[in-house]
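*Asks:* Residues 1360 to 1455 (this note's numbering) are what the sequence shown spells out, left to right.
For every residue, glycine included, the Cβ atom is placed at its ideal position computed from N, Cα and C.
Right, I'll just put the structure down here and ask away after.
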Amino acid sequence: MQRLHYTVIKDINAVDSSHNSSTSKQCKKVLGSLKIGETIEARQFVKETIPKFCKTVNPRNIANIGYRYLREGKKIGMLFENSIEKMNYNCFLIPF
1360 MQRLHYTVIK
1370 DINAVDSSHN
1380 SSTSKQCKKV
1390 LGSLKIGETI
1400 EARQFVKETI
1410 PKFCKTVNPR
1420 NIANIGYRYL
1430 REGKKIGMLF
1440 ENSIEKMNYN
1450 CFLIPF
């Protein structure tokens, strides 16, 4: 199964102010909790980090908020989406 990973390449304070004005305070707070150089898995981020910042208990709402914040982080240049490497059949062959 393929999973989406992001790498934090900028601090929320280092982002250009023209992009930062459209970001909500809660989004800035959530993205500000990430450290430069950290690699996060999108699903794990939504399950573990977002509930700490949200009052809602509905899992669908939490997922929507989490993925929206990840898209926003990517849009403002704070997050970099890592490419997913596909494995081919030759990776599983064992030479005798």
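At 4 residues or longer, and completely inside the segment 1390-1416: list those alpha helix (DSSP H) runs for me, N to C.
*Replies:* 1409-1412
*Asks:* Checking 8 Å against the spacing of the C-beta atoms, do residue 1365 and residue 1399 come in under that value?
*Replies:* To locate residue 1365, count along the sequence shown from 1; it is residue 6. To locate residue 1399, count along the sequence shown from 1; it is residue 40. Result yes, Cβ atoms of residue 1365 and residue 1399 sit closer than 8 Å.
*Asks:* DSSP puts residue 1374 in a beta bridge; with which residues?
*Replies:* Stepping through the sequence shown from its first residue, residue 1374 is reached at position 15. Looking at the DSSP assignment, residue 1374 forms no beta bridge with any residue, so it has no partner.
*Asks:* Over the uninterrupted beta strand (DSSP E) stretch that includes residue 1438, give me the two end residues.
*Replies:* On the sequence shown, residue 1438 is found 79 positions in, with the first residue counted as 1. Note, residue 1438: beta strand (DSSP E), 1438-1440.
*Asks:* Would you give the residue range spanned by the beta strand (DSSP E) that residue 1366 belongs to?
*Replies:* Residue mapping note: residue 1366 aligns to position 7 of the sequence shown, counting from 1. Element bounds for residue 1366: 1364-1367.
*Asks:* Output the distance between the C-alpha atoms of residue 1372 and residue 1409, rounded to the nearest integer angstrom.
*Replies:* Along the sequence shown, one-based indexing puts residue 1372 at 13. Along the sequence shown, one-based indexing puts residue 1409 at 50. Approximately 20 Å, taken between the alpha carbons.
*Asks:* Once the 5 residues before and after residue 1389 are set aside, which same chain residues still bring their CB inside 8 Å of it?
*Replies:* Mapped onto the sequence shown, residue 1389 falls at position 30. Correct list, in chain order: 1408, 1409, 1412, 1428.
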